[in-house]
Amino acid sequence: MTAIPAPIRSQKKFESSLPFWQRLTTNRNWIASWFMLPAAAFLILFLAYPLGLGVWMSFTNVRIGREGVFIGLENYEWLRDDSIFWLSVFNTLLYTLVASAIKFALGLYLALLLNRHMPFKAMIRAAVLIPFIVPTVLSAIAFWWIYDSQFSIISWSLRQMGLITQNINFLGDSNWARASVIIANIWRGVPFVAITLLAGLQTVSPSLYEAATLDGATNWQRFRFITYPLLTPIIAVVMTFSVLFTFTDFQLIWALTRGGPVNATHLMATLSYQRGILSGRLGEGAAIATAMIPFLVAAIMISWFGMQRRKWQQGENND
Amino acid sequence: MSKFIQDRRSLLKGGAATIAAAAATSADQLFNFAQAWAQTTQWKPEAGAKISLLRWKRFVEAEDQAFMAMIAAFTKATGVAVEVTNESYEDVQPKASVVANTGQGLDMVWGLYSLPHLLPTKCLDVTDVATYLGGKYGGWAPSADAYGKAGNKWIGIPVAATGGLVNYRISAMEKAGFKEFPKDTAGFLELCKALNKNGTPAGMALGHASGDANTWLHWALWTHGGNLVDENDKVVINSPETAKALEYVKALYDTFIPGTASWNDSSNNKAFVAGQLYCTVNGISVYVTASREAKAIAEDMNHAYMPIGPVGKPTELHLPFTMLTFNFTKFPQACKALTAFMLEADQFNPWVTGAQGYLSHFLGAYDNNPIWTSDPKRTPYRDVAKRTLTPAGKGKLGENAAAAIADFLVVDMFANYCTGREDVKGAIAFAERQAKRLYR
Amino acid sequence: MTDHAVHPPAVATVAKSDESDGMSYLETLPSRIVTLYIPLFIIVVILLFPFYWMALTSIKPDEQLIDMDSFNPFWVVKPTFKHISKLLFETSYPRWLWNTMYVAAAATFLSITASVLAAYAIVRLRFKGAQAVGALIFMAYLVPPSILFIPLASVIHAYGLFDSPMSLILVYPTLLIPFSTWLLMGYFKTIPFELEECALIDGASRWQILTKIILPLAVPGLISAFIFSFTLCWNEFIYALTFLSSTQNKTVPVAIVNEFVDGDIYKWGSLMAGALVGSLPLVILYAFFVEHYVSAMTGAVKE
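Chains as they are written, first to last, in this note's numbering: chain A, 1 to 319; chain B, 1 to 440; chain C, 1 to 303.
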């Protein structure tokens, strides 16, 4: 509606050039902005705007149900000296690095396996995706039970085999708890990595392998000099997604440990929820969440440069 | 409204047969009462009022049925439509917080602990309701004042509390050499040691269990004379008494079944009913479940008050359920009417009966409900509202205290020491620093 | 496994023929067993075990659940369908399933529409700043729901969408658009430019090109974007928990947890039955489409 007066004005302005409406429909930049509009609208209204609000909250002492006042960096200063916060940073980094690395290794291995010929290929591929399909919160509850301190199926099996005499304290001991949540995360994440990498593998022409084999390349050499380089771009993307999802993970930890035992598995996301929502200090919660952003930017940068190197999927200089 | 039909259906199919039957026969009675009540009540609901109420998800099915029957009678008598939504008790607070922040979506919330004190500026003043009920039903228990009032104003009505008391197996206790459950902390420790030696261990949650861990660890702190804050909300956690409490809990922890540091609220229920755990602190839900699923265990178990320590008086913490009304509701009178109606004897008594001991009253007159004496094992839970302190301890129950309990400050202090992550000094210093930030 | 224990010479051939990986027709069976079937079997078993565990729990009578001494926990005697029938007939499960499908389908449709347009613009229109816009969309993933949902709740309320499926339908695209856009960008690039140039010369508009030429060719890409988006919507928890409140409006994951956790008692059988039945529609979807998914991804990642 508001656009109606616009053509008149601009027609006067650019009388020599094409009529405005025509420019709107033919000029590449204008068309592009029309095409970008829906995506941009969603992301601005429901992402950028609340994000801005969240960052602003981190500079205030807002509590639930009460307006806050601007307090500058006070929340951040408090967090700087807060050992639980630093513990959660450590946990988050550990969780992300270990889980992502293993997800990558296992996912790549699984993709290589799935890429080979075998009977029931489609069925096996579908089966592998199942962990990705089951709603996270429900699989987390199943895991919680698998890890139970009294009724763990793993402890039970090991006891039956005579390997242990006492139940393993899966979620009650700091290190066991960290390992347990990481394993649950890997379980959930591997299928996505594997299937996406599998797709990447299928782009590699078999003739390359045949040629290499004729030249006497070993298995490892073929992987190292053919598969890996051709796969780099997709690895960069899939690992970026994987790292981002892992870093901001919330559901799994929340259902399994609530950040316990004694904060040993608190991630920044869960700590921010506990402080911001449960204990009502929105400002501090928002500050913890905002503190995640630099790490995420770093993760994106790393993979972005990985992609740049391959001239990977930029708008202009690729095809 | 379609919600209603569904609930009616689940009501008909309800499992606890006797109580459902009792509720069904009294449905007409309840309605007659509701109608008479609606004529005389001082709160006249606004015309066309519609209330949406969020409550914690039932612990006992029959309680939920009695609650919905009460809502149905209220709606029929007053014409006020009430939409009830349930949320797991741990999700009530986040949900209420969001609504408080945005100012629409719900009219009333029935939540845990000190929820009204997390959002005092958003609560409707319900002093008139509290005065009316207190005057009619034998006065409020002292803890009700603390839970319901901010200053001189009532911002919430403590409807009921659920107790966190000792659940124990009688045979295991006797085998450990005790004829009756120890009444002091020293005896309690001896019992736990003996239970451990007999291979019938005790166990209490040290994880982030909002109900179980908070209740028994606050008891342990207070009963040794430790306090997070004093009367003036000054942080005084760093005291020799706190250190004693830490040592005591550590000694208990060493006798526990392994894994309690990871326990949430449901862990001890499961282990107790499975016959692996012989003593714990919990609500009456273990007993209710056992009566249904493991009769032998139900017969062999009993409940006891928390033992008394060096301070020489009961220092228990229980879980209150407080009803708040948002001050942005369009129908304040209807909300007040519903709150008052909820606690009227003719409907409160059957409701509490349905809860099978899960809900204990804050109003003196309800001591006479036969539910508390028909089965002596339930009797200790009758008094929880009278015995409970508030999460603030000596201090003022307000948003700071609410934040401290939601942040598991005391729980983490004990867990830090018991699991060996920190020494006594470290664990206390840690909690002190956090507390000072909250109470600044 | 017994296979190569019985035939030790086979192991020797394994080492030799190991190098022919990638040309499976050169492989011997024992080699395939060691390098392919055994590892694959182990991985698949581990990946499926928790799922098996859910299935088992959902048909296990309660007393067998916590009695590990008299009943082997890996198996079930006298299975019961009590939990599943309770789920299907005594709760609003069909309704929740419908809600979830409706929300997931609508959000997916919106996101894919937006993504198609955005991806096409970035890849083919090559407008000024296309690169930057691509990067920005990617950046959207920086923002975790845990930081967003309080401010987002204000936005939802401001538009009067609280407790309405619309709130999720409008919010989920923020989770879906970045990945879908990336995937479609890759896919569109595999479509020859010449097709488009011919059409342009024939006087087709950009819109016509997109709908008549590009989209039909990009169907596999659309399918895989669809599957990915649909799955994410199906599983989302935090937003669904926050923005919906009445039982009738809930989505499957939220409703199941809410319905079958009674205070401090978990109803394991029904919880797991819910997880299982709640995943079945997706499992079926994947069984049909997994090959498309893989091949579409293949298209997307081809340079």
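A virtual CB, placed ideally from N, CA and C, is assigned to each residue, including glycine. Every value quoted in this text rests on a predicted model; they were computed, and no experiment measured them.
Residue environment, residue i, which counts as buried when at least 16 other CB atoms sit within 10 Å
| i | result |
| --- | --- |
| Ser85/C | exposed |
| Leu282/A | buried |
| Gly22/C | The pLDDT assigned to Gly22/C is 46, lower than 50, so where the model puts this residue is not dependable, and the model offers no usable value. |
| Ser155/A | buried |
| Ala21/B | Reliability fails at Ala21/B, whose pLDDT of 45 lies under 50, so the model's placement of it is uncertain and the value that follows must be treated cautiously. Flag for Ala21/B reads exposed. |
| Gly172/A | buried |
| Asp212/B | buried |
| Thr121/B | exposed |
| Lys244/B | buried |
| Met161/A | exposed |
| Arg292/B | exposed |
| His208/B | buried |
| Met342/B | buried |
| Ala198/C | Residue identity check: residue 198/C is Cys in the sequence provided, not Ala. Result: exposed. |
Cutoff 9 angstroms: residue i Cβ touching any chain C Cβ
| i | result |
| --- | --- |
| Val98/A | no |
| Asn282/B | yes |
| Arg58/B | yes |
| Gln6/B | Since pLDDT at Gln6/B reaches only 40, below the 50 mark, its modelled position is unreliable, and no value is offered. |
| Met36/A | yes |
| Val98/B | yes |
| Tyr287/B | no |
| Tyr168/B | no |
Residue i at chain A interface by Cβ criterion, 9 angstroms
| i | result |
| --- | --- |
| Thr13/C | Bear in mind that a pLDDT of 32 at Thr13/C, under 50, signals an unreliable position, so the number given afterwards is only what the model happens to contain. No, its Cβ sits nowhere closer than 9 angstroms to a Cβ of chain A. |
| Tyr286/C | yes |
| Pro165/C | no |
| Asn249/C | no |
| Leu11/B | Low confidence applies to Leu11/B: its pLDDT is 39, below 50, so where it sits in the model is not reliable, and the reading given next is rough at best. Not one chain A Cβ lies under 9 angstroms of Leu11/B. |
| Leu191/B | no |
Residue nearest to residue i in terms of C-alpha spacing, selected from the options
| i | options | result |
| --- | --- | --- |
| Ser180/C | Met68/C, Tyr159/C, Tyr293/C, Pro281/C | Tyr293/C |
| Lys197/B | Phe74/B, Val352/B, Gly177/B, Gln42/B | Gly177/B |
| Gly189/A | Asp215/A, Tyr49/A, Met292/A, Ala99/A | Ala99/A |
| Lys103/A | Ala289/A, Ile183/A, Asn263/A, Arg224/A | Ile183/A |
| Met306/B | Lys295/B, Asp407/B, Ala186/B | Ala186/B |
| Ser143/B | Lys436/B, Gly393/B, Thr329/B, Ser97/B | Gly393/B |
| Val126/B | Tyr113/B, Tyr147/B, Ala141/B, Leu112/B | Tyr147/B |
| Arg66/A | Gly357/B, Pro116/B, Glu432/B, Lys313/B | Pro116/B |
| Ser239/B | Gly426/B, Gly364/B, Pro182/B | Gly426/B |
| Ala100/B | Leu409/B, Phe408/B, Phe328/B, Ala141/B | Phe328/B |
| Ala323/A | Ala41/A, Arg80/A, Phe42/A, Phe170/A | Coverage of chain A is limited to positions 1 through 319, which leaves residue 323/A absent and any answer about it impossible. |
| Val45/C | Ile124/A, Ile235/A, Tyr228/A, Trp34/A | Ile124/A |
| Glu291/C | Leu114/A, Leu51/A, Ser58/A | Leu114/A |
| Val82/B | Ile51/B, Leu119/B, Ile157/B | Ile51/B |
According to DSSP, residues forming a beta bridge with residue i
| i | result |
| --- | --- |
| Trp56/B | Glu87/B |
| Cys279/B | Tyr168/B, Ala202/B |
| Met108/B | Leu53/B, Thr325/B |
| Leu117/C | BP columns for Leu117/C are empty, so no partner. |
| Asn302/B | Tyr168/B |
Test: residue i CB closer than 9 angstroms to a CB of chain B
| i | result |
| --- | --- |
| Thr35/C | no |
| Asp202/C | no |
| Ala158/C | yes |
| Thr92/A | no |
| Gln166/A | yes |
| Ser246/C | yes |
> Given a limit of 9 angstroms on CB to CB distance, which residues of the region 40–61 of chain C reach chain A?
Replying inline: Listed by position along the chain: Leu40, Ile43, Val44, Ile46, Leu47, Leu48, Phe49, Pro50, Phe51, Trp53, Met54, Thr57.
*asked:* Short of 8 angstroms Cβ to Cβ, which residues in the region 255–277 of chain C face chain B?
replied: Hits within the stretch, in order: Val257, Asn258, Val261, Asp262, Gly263, Asp264, Ile265, Tyr266.
Could you please tell me which residues of the region 307–323 of chain B, in chain order, have their CB closer than 8 angstroms to any CB of chain C? Going along the region 307–323 of chain B in chain order, one finds no residue with a Cβ nearer than 8 angstroms to chain C.
What residues in the region 254–277 of chain B have a beta carbon less than 9 angstroms from any beta carbon of chain C? Those residues of the region 254–277 of chain B that come within reach of chain C (Cβ to Cβ, closer than 9 angstroms) are Asn264, Asp265, Ser266, Ser267, Asn268, Asn269, Lys270, Ala271, Val273, Ala274, Gly275, Gln276.
Got a sec: which bits of the region 126–149 of chain B sit with their beta carbon under 8 angstroms from any beta carbon on chain A, in order along the chain? Residues of the region 126–149 of chain B whose Cβ lies closer than 8 angstroms to any Cβ of chain A: none.
Can you pull out the residues from the region 122–139 of chain A whose beta carbon lies closer than 8 angstroms to at least one beta carbon of chain C? Of all residues in the region 122–139 of chain A, only Ala122, Met123, Ile124, Arg125, Ala126, Ala127, Val128, Leu129, Ile130, Pro131, Phe132, Ile133, Val134, Pro135, Thr136, Val137, Leu138, Ser139 come within less than 8 angstroms of chain C when Cβ atoms are compared, listed by chain position.
For the region 178–194 of chain A, which residues have a beta carbon sitting closer than 9 angstroms to at least one beta carbon of chain B?
Cβ contacts with chain B come from no residue of the region 178–194 of chain A.
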